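Engineer: So the sequence lines, in the order shown, correspond to chains H and S.
Residues 1 to 281 in the UniProt record's numbering are what the first sequence lists, from first letter to last.
Residues 1 to 310 in the UniProt record's numbering are what the second sequence lists, from first letter to last.
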Amino acid sequence: MSWPAVAKKDFRDAVQSRALWALVGVFVVVSTLMSYAYVELPDFFGGPTGPSVAGLIFFMAGSVSLFITLTAIVVCYKAIAGERELGSIKLLLALPHTRGEVLLGKVIGRAAVLAVAVAIGLGVGFGVGFALLGTIDVVSLVLFLIVTLLFTAVFAAIVVSLSATTGSTARATTLALGFFVVFELLWDFAPLAVVYVTNGFSLPQQMPDWVFLVSQLPPTSAYFSTLVAVLPDLASEAGAETGAGGIDAVYATPEIGIVVLAFWLVVPLAVGYYRFTSADL
Amino acid sequence: MAAIELTGLTKRFDDVVAVDDLDLTIEDGEIFGFLGPNGAGKSTTIDILLDFIRPTEGTATVVGHDAQAESLAVRQRIGVLPDAYHTYDRLTGRQHVEFVVESKATEAETDVDALLERVGILEAADRKSGGYSKGMRQRLVLAMALVGDPDLLILDEPSTGLDPNGAREMREIIQQENERGTTVFFSSHIMEQVEAICDRVAIINRGRLVAVDTVDGLRGSTEIGTTLHVSTAGVDEAALETVRGFDGVAGVSVDGERLRVTLSGGGPLKFEVLKALDGAGVSIEDFEIEESSLEDLFVRYTTDEQEVRA
Chain H
1 MSWPAVAKKD
11 FRDAVQSRAL
21 WALVGVFVVV
31 STLMSYAYVE
41 LPDFFGGPTG
51 PSVAGLIFFM
61 AGSVSLFITL
71 TAIVVCYKAI
81 AGERELGSIK
91 LLLALPHTRG
101 EVLLGKVIGR
111 AAVLAVAVAI
121 GLGVGFGVGF
131 ALLGTIDVVS
141 LVLFLIVTLL
151 FTAVFAAIVV
161 SLSATTGSTA
171 RATTLALGFF
181 VVFELLWDFA
191 PLAVVYVTNG
201 FSLPQQMPDW
211 VFLVSQLPPT
221 SAYFSTLVAV
231 LPDLASEAGA
241 ETGAGGIDAV
251 YATPEIGIVV
261 LAFWLVVPLA
271 VGYYRFTSAD
281 L
Chain S
1 MAAIELTGLT
11 KRFDDVVAVD
21 DLDLTIEDGE
31 IFGFLGPNGA
41 GKSTTIDILL
51 DFIRPTEGTA
61 TVVGHDAQAE
71 SLAVRQRIGV
81 LPDAYHTYDR
91 LTGRQHVEFV
101 VESKATEAET
111 DVDALLERVG
121 ILEAADRKSG
131 GYSKGMRQRL
141 VLAMALVGDP
151 DLLILDEPST
161 GLDPNGAREM
171 REIIQQENER
181 GTTVFFSSHI
191 MEQVEAICDR
201 VAIINRGRLV
211 AVDTVDGLRG
221 STEIGTTLHV
231 STAGVDEAAL
241 ETVRGFDGVA
251 GVSVDGERLR
261 VTLSGGGPLK
271 FEVLKALDGA
281 GVSIEDFEIE
291 ESSLEDLFVR
301 YTTDEQEVRA
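(1) For residue 166 of chain S, I'd like the list of residues in its chain whose CB is within less than 6 Å of its CB, leaving aside the five on either flank, ordered along the chain.
(2) Following the continuous beta strand (DSSP E) through residue 199 of chain S, name the residue where it begins and the one where it ends.
(3) So residue 82 of chain S contacts chain H; which residues on that side make the cut at Cβ distance below 8 Å?
(4) Quick check: residue 215 of chain H and residue 188 of chain H, are their CB atoms within less than 8 Å of each other?
(5) Would you verify that the beta carbon of residue 26 of chain S is, or is not, closer than 8 Å to some beta carbon of chain H?
(6) Does residue 26 of chain S come out as helix, strand or coil in the three-state DSSP assignment?
(7) Determine, using beta carbons only, whether residue 76 of chain S comes closer than 8 Å to chain H.
(8) Could you tell me whether any Cβ in chain H is nearer than 8 Å to the Cβ of residue 104 of chain S?
(9) Would residue 79 of chain H and residue 169 of chain H qualify as a contact pair, given that the criterion is a beta-carbon distance under 8 Å?
(10) Closer than 8 Å by beta-carbon distance: list the chain S residues that pair up with residue 114 of chain H, in chain order.
(11) State the beta-bridge partners of residue 66 of chain S as determined by DSSP.
(12) Looking only at DSSP bridge pairs, what is residue 2 of chain S linked to?
(13) To test your reading of the DSSP string, which unbroken alpha helix (DSSP H) runs of 4 or more residues are found completely within the segment 92-135 of chain H?
(14) Compare the beta carbon distance of residue 185 of chain S and residue 152 of chain S with 8 Å and say whether it is the shorter of the two.
(15) Taking Cβ positions, are residue 98 of chain H and residue 49 of chain S nearer each other than 8 Å?
(16) Do you know whose CA, among H/184, H/207, H/37 and H/181, lies nearest residue 193 of chain H's CA?
(17) So if DSSP puts residue 33 of chain S in a beta bridge, which residue, or which two residues, is it bridged to?
(18) On the three-state DSSP scale, how would you describe residue 258 of chain S?
(19) Whose C-beta lies closer than 8 Å to the C-beta of residue 302 of chain S among residues of the same chain, with five residues either side of it excluded?
(20) Using the beta-carbon count (16 or more within 10 Å), is residue 21 of chain H buried or exposed?
(21) Return the CA-CA distance between residue 175 of chain S and residue 1 of chain S, expressed in angstroms with no decimal places.
(22) Tell me whether the beta-carbon of residue 244 of chain S lies closer than 8 Å to the beta-carbon of residue 254 of chain S.
(23) Give the DSSP-derived three-state secondary structure of residue 9 of chain S in the structure shown.
(24) At what residues does the beta strand (DSSP E) containing residue 43 of chain S begin and finish?
(25) When DSSP labels each residue in this structure, what does residue 128 of chain S get in the three-state scheme?
(26) Which whole runs of the beta strand (DSSP E) in the segment 225-253 of chain S are 3 residues long or more, in chain order?
(27) Hey, is residue 306 of chain S's beta-carbon within less than 8 Å of any beta-carbon in chain H?
(28) In three-state DSSP terms, what is residue 281 of chain H?
(29) Assign residue 176 of chain H to one of three DSSP states: helix, strand, or coil.
(30) On the DSSP bridge list, what partners appear for residue 208 of chain S?
(31) Considering only DSSP beta bridges, list what residue 92 of chain S is partnered with.
(32) Please state the DSSP three-state secondary structure of residue 308 of chain S.
(33) How many angstroms separate the CA atom of residue 252 of chain H from the CA atom of residue 213 of chain H?
(34) When the Cα of residue 241 of chain S is compared with those of S/138, S/181, S/228 and S/261, which residue comes out closest?
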């Protein structure tokens, strides 16, 4: 088991990325402004019951997931493809590491870098928010952090795995951005378009049940559902819903998010592992 | 036991045969030079030894383990200076060596400072390798290769980027390691250093092995061994006949008072020829011995081969 050496090396390397710290800087500013706006401008952002811890957490979740996906792409897209293109992989794999250990070490090292960035960004943003609110809910905050870090690790695994499928950073960039565009930007429209067309070019009153299942597939949707599943009281207080209500099916629960996150952890890694171990470097 | 054993090793990339049915054995304790022009298949062969790429046919055994099936055991016991590598720009020299120490989990304590001192970059140890010169990077990667006293060093074009002084230091380190019992396998397209330190050499061209021998053996096996140039006060036909009569004299030509004798081998023959000339009454004013360098042999082997194929 030599992946810790790879993870440590990779952490030391990737944590020095300037693009990463630029993104962290932007996120700190944005999360601080959002916290401030949420607490101080309740008429616009606070919801019917006024500012609350629950409201703040779910108000922030959307921008947190956007920050994590973008940062993960910046930090991870070159993780393996970049080493192959430059040739540093020759130093790495001349050492007694299996390619599986390299992949694992890379995912953990990069996820740890992202975790530091997320912790700093959230720490400042929520710090300001809770200071302005004057209350804090430690248990909920810790649960939120755990789910968020899990999501961070999943997204790191996705992007590193995409990077493991190729020896070209250009292709790795295309794959990572393509993933983002398809699953984070276009995904919600695709089922709507299908329903719109099959329903005779109009939207029905009630969406078919499968639309919910399809809409749960993007990692950020799964993250949101998982938050609802883990923090049900806060979710209902904040009026956060997954869209599962009114659907009578086993999968129509927020817990589907946990399953989807597990899917995104396992499947890309399996594909990346297969492609990387069978490649001629 | 053989340090490296290649049996029928072949690697095809699409329609290009990079390595073609290579059989080669490198014994324990040798310094073995692997020569060939750029693109001859040297790096492909080394990449197979390290399991960077997989052979199409044949097998490679390194330090007693199959290079593909037991690559981890191989890489635990060898040190590598690859070709066309890149260091981690944002990590310091020291961090690079520490990474190797951690990766190999060597049982004996590794003195990182001593290693960096030995390759001559201790004073730059805590600077990021992105700011290193090509030569410093080469020294750093050599230090990485030396971690854990490997049984076998595989060095791909080790003097790349080094100035003459650096190349000499590299040779000294290779020889010191060899004296401690380490087998050294290195590739090069520069003949000079190979000639200076190798026990045996193999010449590869277009993926095929064209010669494997000691440096002297290679010289002896071709007719352009040594050329003797003799300036005389005048030669007669009888003296020339005497010289032509030697076993091992491939040719004699006269240009006025200068005599040119081609010998197919090295050794004492050239002195016997000189003695015979003297004995035949030829007054020798000056002489010059031109030993064919490995460079000549190399050019000969690789260009002949190309002509045959073309």
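The beta-carbon is built from N, C-alpha and C at its ideal position, and this holds for glycine as well.
Remember, predicted model here, so these are calculated numbers, not experimental data.
Structural biologist: Considering the structure as presented:
(1) The residue you call residue 166 of chain S lines up with position 166 of the second sequence. 135.
(2) Residue 199 of chain S sits at position 199 when you count from the first residue of the second sequence. First-last for residue 199 of chain S: undefined, no H or E at that position.
(3) Translated into the one-based positions of the second sequence, residue 82 of chain S becomes position 82. Ordered by position in chain H, the residues that pass the 8 Å Cβ test against residue 82 of chain S are 87, 90, 91 and 94.
(4) As a working note, residue 215 of chain H is residue 215 in the first sequence. As a working note, residue 188 of chain H is residue 188 in the first sequence. Yes; because the gap between Cβ atoms is below 8 Å, this pair is in contact.
(5) Looking up residue 26 of chain S in the second sequence gives position 26. It does not; no Cβ of chain H falls within 8 Å.
(6) For the purposes of this step, residue 26 of chain S is taken as the residue at position 26 of the second sequence. Note: residue 26 of chain S maps to strand in three-state DSSP.
(7) Locating residue 76 of chain S in the second sequence gives position 76, where the first residue counts as 1. By this cut-off, residue 76 of chain S is an interface position.
(8) Counted from its first residue, the second sequence places residue 104 of chain S at position 104. So yes, residue 104 of chain S belongs to the interface.
(9) In the first sequence, the residue the question calls residue 79 of chain H occupies position 79. In the first sequence, the residue the question calls residue 169 of chain H occupies position 169. No; because the gap between Cβ atoms is not below 8 Å, this pair is not in contact.
(10) Walking along the first sequence from the start, residue 114 of chain H turns up at place 114. None at all; the shortest Cβ gap to chain S is about 17 Å.
(11) Position 66 of the second sequence, counted from the first residue, corresponds to residue 66 of chain S. Paired residues: S/61.
(12) By 1-based counting over the second sequence, the position of residue 2 of chain S is 2. For residue 2 of chain S, which the question treats as bridged, DSSP gives the partners S/27.
(13) 99-133
(14) For the purposes of this step, residue 185 of chain S is taken as residue 185 along the second sequence, with counting starting at 1. For the purposes of this step, residue 152 of chain S is taken as residue 152 along the second sequence, with counting starting at 1. Contact flag set, yes.
(15) Within the first sequence, the letter at position 98 stands for residue 98 of chain H. Within the second sequence, the letter at position 49 stands for residue 49 of chain S. Not a contact, by the Cβ cut-off of 8 Å.
(16) Start at 1 with the first residue of the first sequence, and residue 193 of chain H comes out as number 193. Comparing Cα positions, the closest option is H/207.
(17) The residue given as residue 33 of chain S occupies position 33 in the second sequence. Answer by DSSP bridge pairing, in chain order: S/186 and S/201.
(18) The sequence position of residue 258 of chain S within the second sequence is 258, counting from 1. Note: residue 258 of chain S maps to strand in three-state DSSP.
(19) Within the second sequence, the letter at position 302 stands for residue 302 of chain S. So the list reads 36, 37, 40, 203, 205 and 210, once near-sequence residues are dropped.
(20) Along the first sequence, read from residue 1 onward, the residue named residue 21 of chain H stands at position 21. That one is exposed.
(21) Taking the second sequence and counting its residues from 1, the one referred to as residue 175 of chain S is at position 175. Taking the second sequence and counting its residues from 1, the one referred to as residue 1 of chain S is at position 1. Between residue 175 of chain S and residue 1 of chain S, the C-alpha separation is close to 21 Å.
(22) Within the second sequence, the letter at position 244 stands for residue 244 of chain S. Within the second sequence, the letter at position 254 stands for residue 254 of chain S. In this structure, residue 254 of chain S does not lie closer than 8 Å to residue 244 of chain S by Cβ.
(23) Start at 1 with the first residue of the second sequence, and residue 9 of chain S comes out as number 9. It is a strand residue.
(24) By 1-based counting over the second sequence, the position of residue 43 of chain S is 43. Segment 42-49 is the alpha helix (DSSP H) holding residue 43 of chain S; no beta strand (DSSP E) there.
(25) To locate residue 128 of chain S, count along the second sequence from 1; it is residue 128. Of the three classes helix, strand and coil, the one that applies to residue 128 of chain S here is strand, per DSSP.
(26) 226-232
(27) Position 306 of the second sequence, counted from the first residue, corresponds to residue 306 of chain S. At residue 306 of chain S the pLDDT is 45, less than 50, meaning the model places this residue with poor confidence; the figure from the coordinates comes in the next sentence. With 8 Å as the cut-off, residue 306 of chain S does not count as an interface residue toward chain H.
(28) Here the question's residue 281 of chain H lines up with position 281 in the first sequence. Here residue 281 of chain H sits in coil by DSSP.
(29) Walking along the first sequence from the start, residue 176 of chain H turns up at place 176. Reduced to three states, the DSSP call for residue 176 of chain H is helix.
(30) Within the second sequence, residue 208 of chain S is the residue found at index 208, counting from 1. Partner(s): S/205.
(31) Taking the first residue of the second sequence as 1, we reach residue 92 of chain S at position 92. Listed as beta-bridge partners of residue 92 of chain S by DSSP are S/128.
(32) Taking the second sequence and counting its residues from 1, the one referred to as residue 308 of chain S is at position 308. The predicted position of residue 308 of chain S is uncertain, since its pLDDT is 42 and thus under 50; a value taken from the coordinates is nonetheless stated next. DSSP, read as helix, strand or coil, puts residue 308 of chain S in helix.
(33) Counting from one through the first sequence, the residue named residue 252 of chain H turns up at place 252. Counting from one through the first sequence, the residue named residue 213 of chain H turns up at place 213. Approximately 8 Å between the Cα atoms of the pair.
(34) Walking along the second sequence from the start, residue 241 of chain S turns up at place 241. When only C-alpha atoms are compared, the closest one is S/261.
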